Amino acid sequence: MVFDPSTRNEVELSSLWKRIPGILVFGSGSCTSSNLFNKDLNHLANRYEGKASFNLIYIREAHPEGGFQPMLQNDFANEEIPPIQDPSDLESRCQAALDFRKRKGLNLNFLVDDIDDPVAASWGAWPTRIFVVGSDGKILYAGDQGPWYFSVTKEGWHDPPPSFLESEFRKRPFDRISLEEFLETHFSDKT
Amino acid sequence: MSEGIRIWILITSLVCYSGCEQKPAAEADAFSGQTVYNRDQAVEIILTRSKNAPVAGEFALD
Chain A
5 MVFDPSTRNE VELSSLWKRI PGILVFGSGS CTSSNLFNKD LNHLANRYEG
55 KASFNLIYIR EAHPEGGFQP MLQNDFANEE IPPIQDPSDL ESRCQAALDF
105 RKRKGLNLNF LVDDIDDPVA ASWGAWPTRI FVVGSDGKIL YAGDQGPWYF
155 SVTKEGWHDP PPSFLESEFR KRPFDRISLE EFLETHFSDK T
Chain B
2 MSEGIRIWIL ITSLVCYSGC EQKPAAEADA FSGQTVYNRD QAVEIILTRS
52 KNAPVAGEFA LD
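Going line by line, the protein sequences match chains A and B. Residues 5 to 195, numbered by the numbering used here, are exactly what the first sequence covers, in order. Residues 2 to 63, numbered by the numbering used here, are exactly what the second sequence covers, in order.
Structure (structure tokens):
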């Protein structure tokens, strides 16, 4: 169960892939990956309009004010992100989601995880991750762990994870191709 | 039914019930609802949850 940030109404997650396959991009306003790929996500959403629904599930902040702030070495990650407080209730998380959508101009369907993170926990989605679910409810694409393998386009941006993390991730068969490559292989675009 | 068997059934039932009651708590995500303050906490959350993340071919969680 997730929430519509505008109405605060509950939304069944399964409604996102009921008619056509659903793309679930998990992220937050303080997440570098989510900020970097807004234009690419918009581009893919336009390109595959009517073929799949594009949804951003707003989850716990990756790097809230006063929280974990990694030193990103990659110039590509040099993105201006305003300080964001970690929401303490559903209301403030909904507002954070609406602020992020407005700031980045994303034309994705926005939904919000509850404040105790049930969806992010069960999908292993924090801090960021991508899934594609078929209209039969089966997962078609389970992107590997973000931020290291969060790949919207063919050009990755993040350094590989430390080896002890890498060996853990290899125990599960997650997908390492980008969302763009997956869509090109499995879906015809509208052109 | 003898008194001894009745007591045995009662004790067995209580043990089974309390065991079932404890299961959800043991499976709860200790990090849910928590702000992430440092790298160690971030890594622990990722490692814990990544093991449970669904993979292609599985049915999606609602």
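Ideal Cβ placement from N, Cα and C applies to all residues, glycine included. Computed from a predicted model, the values in this text were never measured in an experiment.
Per DSSP, the bridge partner or partners of residue i
| i | result |
| --- | --- |
| residue 28/A | 59/A, 135/A |
| residue 129/A | DSSP, once it has assigned bridges, lists no residue as partnering residue 129/A. |
| residue 14/A | 7/A |
| residue 60/B | 142/A |
| residue 116/A | 7/A, 62/A |
| residue 147/A | 179/A |
Cβ neighbours of residue i in the same chain (closer than 7 Å, five flanking residues each side left out)
| i | result |
| --- | --- |
| residue 93/A | 119 |
| residue 89/A | 68, 69 |
| residue 55/B | 61, 62 |
| residue 16/A | 5 |
| residue 44/B | none |
Listed by chain order, chain A residues near residue i by CB distance under 9 Å
| i | result |
| --- | --- |
| residue 59/B | 142, 143, 146 |
Close beta carbons around residue i, own chain, < 6 Å, minus the five adjacent residues each side
| i | result |
| --- | --- |
| residue 58/A | 27, 49, 112 |
| residue 32/B | 46 |
| residue 20/B | Confidence in residue 20/B is poor, its pLDDT being 47 and thus under 50, which makes the residue's placement unreliable; the coordinate value appears in the next sentence. Correct list: empty, nothing qualifies. |
| residue 9/A | 98, 101, 102, 114, 116 |
| residue 270/A | Chain A is shown only over 5 to 195; residue 270/A falls outside these bounds and no answer can be derived. |
| residue 147/A | 133, 134, 179 |
| residue 87/A | 69 |
| residue 142/A | none |
Residue i: contacting residues in chain B (beta-carbon distance under 7 Å)
| i | result |
| --- | --- |
| residue 167/A | Neighbours of residue 167/A on chain B: none; closest Cβ ~13 Å, over 7 Å. |
| residue 125/A | 30, 33, 50 |
| residue 68/A | 36 |
| residue 149/A | 47, 51 |
| residue 90/A | 36 |
| residue 58/A | Going along chain B, no residue has its Cβ under 7 Å from residue 58/A, so there is no contact; the nearest lies around 16 Å. |
| residue 173/A | 51 |
Neighbour-count burial assignment, residue i, 16 or more Cβ in a 10 Å radius
| i | result |
| --- | --- |
| residue 60/B | exposed |
| residue 114/A | buried |
| residue 140/A | exposed |
| residue 108/A | buried |
| residue 104/A | buried |
| residue 11/A | exposed |
| residue 150/A | buried |
| residue 166/A | exposed |
| residue 42/A | buried |
| residue 36/A | buried |
| residue 168/A | exposed |
| residue 155/A | buried |
| residue 58/B | exposed |
| residue 19/A | exposed |
| residue 50/B | buried |
Under 9 Å from the C-beta of residue i: neighbouring residues of chain B
| i | result |
| --- | --- |
| residue 2/A | Absent from the model: residue 2/A. The displayed extent of chain A is 5 to 195, so no value can be given. |
| residue 18/A | 61, 63 |
| residue 130/A | 32, 37, 43, 46, 47, 50 |
| residue 74/A | 40, 43 |
| residue 179/A | 56, 57 |
| residue 41/A | Those do not exist, as residue 41/A stays about 19 Å from chain B at its closest Cβ, beyond 9 Å. |
Cβ neighbours of residue i in the same chain (closer than 8 Å, five flanking residues each side left out)
| i | result |
| --- | --- |
| residue 130/A | 30, 63, 64, 66, 121, 124 |
Chain-ordered neighbours of residue i on chain B, where CB pairs are closer than 8 Å
| i | result |
| --- | --- |
| residue 120/A | 33, 34 |
| residue 137/A | 61 |
| residue 176/A | 51, 52, 54, 56 |
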